[in-house]
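Heads up: the structure comes next, in structure tokens.
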Amino acid sequence: LISSVQRNPPINVIQMRQQNFFNFKELLTKLFIHKKVNTNGEAVGWNKIRWMKYVPENYDLTKKTRRSTELLNNNILQPLSSKPLPLSNEKLKDLQSLLPYINEASRPFYNNLIQNIGHNFSSSSEGDTE
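Sequential numbering of the sequence shown, starting at 25, is according to the numbering used here.
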């Protein structure tokens, strides 16, 4: 839907898969320290930072000490979730209302999503009432 918007410059839409979402919270609590000053000794305004960039191909996990450089534990980022997140009835209805605006190539995916999740959602709520 967004990629079909006529705009100059065009909107660059990157389709994400579930395995592209990582749990950074666990990594930050175990490995990294929340710095209060940057390398120039200036205060870091964390509340003013709008975005941070994570580049999986370019990282350095070495810790420099006075005597040597040691490799920190190479924690591989864990996926945020192992299964698809549930969608509420409201979101399913919104998706259904947007179907006419979704391009033909993507429409089967959304139809399948609405049918499968809608079926699972209604059958699980029926089981709760018995």
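For each residue, glycine too, the CB sits at the ideal point set by N, CA and C.
What does a CB cutoff of less than 6 Å around Glu-154 pick up in its chain, not counting 5 residues either side in sequence? Walking along the sequence shown from the start, residue 154 turns up at place 130. Bear in mind that the predicted position of Glu-154 carries a pLDDT of just 38, short of 50, making it unreliable; the figure below should be weighed with that in mind. Nothing listed; no residue qualifies.
According to DSSP, residues forming a beta bridge with Val-29: Here residue 29 corresponds to residue number 5 of the sequence shown, with the count starting at 1. Paired residue(s): none; Val-29 is not in a bridge.
Stretch pair the stretch 42 to 53 + the stretch 103 to 122: three plus CB contacts closer than 8 Å: yes
Pull up the distance between the alpha-carbon of Gln-30 and that of Gln-39, whole angstroms please. Along the sequence shown, one-based indexing puts residue 30 at 6. Along the sequence shown, one-based indexing puts residue 39 at 15. So the alpha carbons of these two residues sit roughly 18 Å apart.
Classify Pro-80 as helix, strand or coil using the three-state DSSP reduction. Residue 80 sits at position 56 when you count from the first residue of the sequence shown. Pro-80: coil per DSSP, three-state reduction.
Leu-116 to Gly-69, Cα distance in whole Å? Against the sequence shown, residue 116 aligns to sequence position 92. Against the sequence shown, residue 69 aligns to sequence position 45. Their Cα atoms are separated by approximately 39 Å.
By DSSP, does Pro-103 sit in helix, in strand, or in coil? By 1-based counting over the sequence shown, the position of residue 103 is 79. Strand, per DSSP.
Taking the straight line between their C-alpha atoms, what separation do you get for Pro-110 and Val-79? Here the question's residue 110 lines up with position 86 in the sequence shown. Here the question's residue 79 lines up with position 55 in the sequence shown. When rounded, the distance between both Cα atoms is 28 Å.
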